[in-house]
Amino acid sequence: MSNEKVISDIEIAQKAALLPVGAIAAKLGLSEDDIEFYGKYKAKISFEKMKEVESQPEGKLILVTSINPTPAGEGKSTVTIGLGDALQQLGKKTMIALREPSLGPTMGMKGGAAGGGYSQVVPMEEINLHFTGDIHAITTANNALSALLDNHIHQGNELQVDQRRILWKRAVDLNDRALRQIVVGLGGPGQGVPREDGFDITVASEIMAVLCLAADLQDLKKRLSRMVIAYNIHKQPITVKDLGVEGALTLLLKDALKPNLVQSIEHTPAFVHGGPFANIAHGCNSVIATKTALKLADYVVTEAGFGADLGAEKFLDIKSRAAGLSPSAVVIVATIRALKMHGGVAKDELQKENVSALEKGLENLKKHTETIGHFNLPFVVAINRFSSDKDSEITLLKEWCQKHSISVSLTEVWGKGGKGGLDLGEKVLEAIQNNSGTFSFLYDEDLPLDEKIRTIVQKVYGGRHVEFSVKASQQLKQFNDIGWSHLPVCMAKTQYSLSDDPVKLGRPCDFTIHVREMKPKLGAGFIVVLTGEVMTMPGLPKKPAAYQMDVSEEGKAIGLF
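Counting from 1 along the sequence shown, just add 509 to a position and that's the residue number in my numbering.
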């Protein structure tokens, strides 16, 4: 990569020559009657077409994950898109399947989720902002349920809802710490019944998880009906079905359930659909998009949020289990910069060569390779190259991989697009071809909840013990008595560390994971296990990314990465 002035992601995206979305659909064998247009470059796939392709054979599924993320950046979405473009250049019928960005991180500090450089999905600015309105529909459905529940209490409370034990929160797709804990119903008898409430960010709403795990419209309705929203005065769970509003919620979500078709800069077809957070939900794009892509293409490249300890584990143990998916290979993205941070280097010192820190940071990568090995899946390490990387550091990382018999590829998709991922594409195809193993889950669903949690902590995080709070211990017994112990667990943990302490980088050892609370997500089909200080409503940084955003006189976005 050259040292010339770096052009921004949005400038690259705005200069890209896009094909009409009908032409992208045609590459998949779809006619214009099979899609529903959202402007010139976006479309949704019709329910009729998705039903029609169900009998077609499935392609190969490639999962892209990474080491634990750092402020230095890993570029997982960029590598996912670049690999899809590379496979297309290698003559393979390929689709990319990504999550939709949330406005919270987009306007906060994390950034969008459309890739970067010459490996982006486009139209980038629309994808990163309001897109086709899916997240707004989820927000509306979430808040409609809150309004209907509060109205039920106001109108006599036939279900005997215990106002102290309401689980359901309102939602907004922004980082707004002021809304974490609020009081509603103030102002007298005509304004409702006063109670404590709060907001989650929309991508943490169970409705987002439900939409992303639903197989079809009827399954969506069934999952919505199972959601636990409160307990009654007898401490028995109350569901959406008890309230009788699953039909209305499904109606609000019917269009949002259809996958969104867009393209990469190199015109590789891409589904961008659904976006649950990976540190407080399961962190994968929708089942319906992934399965439809597998029917339309020979190779599907998808990603899971954050590192392999969060997104990949949940993709494999939750999404794959629910949807009957069997990935063919995994790509683990690593950068020299992030590995040096895991080795103890400060962000402002990353430009300097530091082989010893890199060696120390490699322990983080090693743990993630071991994690993927527990699932019996072949993998390739993708070194996402930055211009500041030194040849000595790249050589060390390659030699380390060779020493451990790990397939590795130096990847330059940010600057070169698919061409910079051809070697990665070839090595992934080779890994798929040579794979003789059988994908297996980390744990059996019949294990008790506490044993599932310990299995993840010990095999995926590398921890030694799990400590349950008094509340969590009581919940273990309660959930077992109710009959929920068969469900998978969805760990809510910091993304920055293998432990539940975000400052413990690298590969910490002999640590204890502290479980403070568990939340039933029966619609999604898992139990959320809250550890550390993970919040379901993030806050904004001192200088949010929104400060850099504007719009030109011609209506073009400015400062959007």
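Even glycine gets a Cβ: it sits at the ideal position worked out from N, Cα and C. A quick note: this is a predicted structure, and the numbers were derived from the prediction, not measured.
Judged by pairs of C-beta atoms under 8 Å, the stretch 961-973 does not touch the stretch 754-764, as fewer than three such pairs exist. For GLN772, the enclosing beta strand (DSSP E) has its first and last residue at 769-773. In this structure, GLY1015 places its C-beta atom within 8 Å of the C-beta atom of GLY852. Residue pairing of ASN893 in beta bridges, as defined by DSSP: THR920. By the criterion of a C-beta distance shorter than 8 Å, VAL712 is surrounded in its chain by SER611, GLY613, ILE644, ASP682, GLY784, PRO785, PHE786 and ALA790, once the five residues flanking it on both sides are discounted. Here the C-alpha atom of ASN637 lies approximately 14 Å from the C-alpha atom of SER773. At a Cβ-Cβ threshold of 8 Å, ASP518 and GLY617 do not count as neighbours. Between ALA650 and ARG689, the alpha-carbon positions lie close to 19 Å from each other. Across the structure, LEU657 and ASN989 are spaced so that their CA atoms are roughly 29 Å apart. Here DSSP, grouped into helix, strand and coil, assigns ASN741 to strand.
Per DSSP, reduced to three states, the secondary structure at LYS569 is strand.
DSSP places THR615 in the uninterrupted alpha helix (DSSP H) bounded by 612-616.
Nearest to LEU1007 by C-alpha distance, out of ASP959, GLY1064, GLU822 and VAL840, is GLU822. The count of Cβ pairs closer than 8 Å, one atom from the stretch 740-753 and one from the stretch 822-836, stays below three, leaving the stretches out of contact. Secondary structure at LYS1013: coil, using DSSP grouped into helix, strand and coil.
The criterion of a C-beta distance shorter than 8 Å is satisfied by SER916 and LYS936.
Between the alpha carbons of MET559 and LEU996 lies a gap of roughly 28 Å. Under the three-state reduction of DSSP, CYS999 is assigned to strand. When only Cα atoms are considered, HIS743 and GLN984 end up about 15 Å apart. By the criterion of at least three beta-carbon pairs nearer than 8 Å, the stretch 914-933 is not in contact with the stretch 949-964.
Taking every protein chain shown into account, the CB of TYR627 has 16 or more other CB atoms within 10 angstroms, so this residue is buried.
Residue state for CYS1018 is assigned as coil, using DSSP reduced to three classes. Here GLN629 carries a strand assignment [DSSP, helix/strand/coil].
Annotated three-state conformation of GLN690 is coil, per DSSP. The beta carbon of VAL1024 is closer than 8 Å to those of ILE962, VAL975, GLU976, PHE977, SER978, ALA981, VAL1038, LEU1039 and THR1040 in its chain, skipping five residues each way along the sequence.
Taking 8 Å as the cut-off, the beta carbon of ASN788 is found no closer than this to the beta carbon of ALA1054. Beta-bridge pairing by DSSP links GLY624 to GLN629. Remark: C-beta atoms of TYR740 and ARG674 approach each other more closely than 8 Å. Excluding the 5 residues flanking it on each side, ASN684 has same chain C-beta neighbours closer than 6 Å at GLY613, GLY617, PRO1047, GLY1048 and LEU1049, in chain order. About 6 Å separates the Cβ atoms of LEU1031 and MET736, confirming a contact at the 8 Å cut-off. The beta carbon of LYS869 is closer than 6 Å to those of GLY852 in its chain, skipping five residues each way along the sequence. Going by beta carbons, ALA525 and ALA552 fall outside the 8 Å limit. As a beta-bridge residue in DSSP terms, VAL842 pairs with SER575 and ALA891.
In this structure, VAL719 sits near ARG732, with a CB-CB distance shorter than 8 Å. Relative to the Cα of LYS569, the nearest Cα in the group VAL1060, PHE1020 and THR811 belongs to THR811. Distance from the Cα of LYS876 is smallest, within the candidate group LEU819, LYS861, GLU921 and GLY600, for LEU819.
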